[in-house]
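In our numbering, the protein residues as written are 4 to 161.
To start, the structure under review is shown below, and the notes come after it.
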Amino acid sequence: YRLLSLKTVRSKLQLVAISYMSVPVWIGVAFVIWLALQGAGSWVLGSRYLPALDLSLWFLLGGAASAVYLNVAGLFFFSGKTEWISLATVSAAALALTAAAPLVAAHGVSGGAWAYVLAQCSLLALAWALSLRVVPLPWSSPRLALRVLGRRLKGAQR
4 YRLLSLKTVR
14 SKLQLVAISY
24 MSVPVWIGVA
34 FVIWLALQGA
44 GSWVLGSRYL
54 PALDLSLWFL
64 LGGAASAVYL
74 NVAGLFFFSG
84 KTEWISLATV
94 SAAALALTAA
104 APLVAAHGVS
114 GGAWAYVLAQ
124 CSLLALAWAL
134 SLRVVPLPWS
144 SPRLALRVLG
154 RRLKGAQR
């Protein structure tokens, strides 16, 4: 919120860089947790629930998309334009409801997990698309944004 409140080009570029960097970070966190579950799954879950490990990656990836979404959703709250976030939420929910039944019918429990990932990714995509209009930021300049953030971080280390 501090970066948004500064309202400078530099602060907006830093916010964009942090937002873009959060995507691979959260996906990485999901994979690290998934790998840990693969190694310790029988100890954590017990033998009865081991088949759930096959689904865990999908739920972790959906959780990663949800975490990135929260970064974007904060923009709406900061700008006071929260009505736009409801549009993204309702649209993503409608897509998820429409997709869940056929996915579950065709693929069983795995289809339900895929529907969850689809719901979270569509919520993120819709919120991000709406944020382009609600809170204008230099999203089209990711390289510049990363350079500006890198300079700030180097300056903080000195």
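Note that the Cβ used here is the ideal one computed from N, Cα and C, for glycine as well.
Please report the straight-line C-alpha distance between residue i and residue j, rounded to a whole angstrom.
| i | j | result |
| --- | --- | --- |
| L98 | A118 | 9 Å |
| E86 | A95 | 15 Å |
| V26 | A102 | 24 Å |
| L106 | G44 | 26 Å |
| G115 | G42 | 24 Å |
| P139 | G153 | 22 Å |
Should residue i go down as buried or exposed, given a rule of 16 or more other Cβ atoms within 10 Å for buried?
| i | result |
| --- | --- |
| Y52 | exposed |
| K157 | exposed |
| G49 | exposed |
| Q123 | buried |
| V28 | exposed |
| S134 | buried |
| L90 | exposed |
What three-state label does DSSP hand residue i in the structure shown?
| i | result |
| --- | --- |
| G83 | coil |
| W29 | helix |
| G44 | helix |
| G158 | helix |
| P54 | helix |
Using a threshold of 6 Å, is the CB atom of residue i nearer than that to any non-hydrogen atom of the ligand FAD?
| i | result |
| --- | --- |
| F80 | The ligand content of the structure shown is nil, which means the ligand FAD is not present either. |
Counting only the same chain and skipping the five closest in sequence on each side, list residues whose C-beta sits under 8 Å from that of residue i.
| i | result |
| --- | --- |
| L127 | A68, S69, V71, Y72, V75 |
Excluding sequence positions up to five away, which residues of its chain have a Cβ less than 6 Å from the Cβ of residue i?
| i | result |
| --- | --- |
| S22 | N74 |
Measure from the C-beta of residue i to each C-beta in chain D and report whether the shortest distance is under 7 Å.
| i | result |
| --- | --- |
| Q17 | In the structure shown, chain D does not exist; there is a single protein chain. |
What residues in its chain sit with their C-beta under 7 Å from that of residue i, if we drop five residues either side in the sequence?
| i | result |
| --- | --- |
| V151 | R13, L16, Q17, A20 |
Just to confirm the assignment, what range does the alpha helix (DSSP H) spanning residue i have?
| i | result |
| --- | --- |
| W131 | 112-137 |
| R170 | What is shown of the chain runs 4 to 161, which leaves residue 170 out entirely. |
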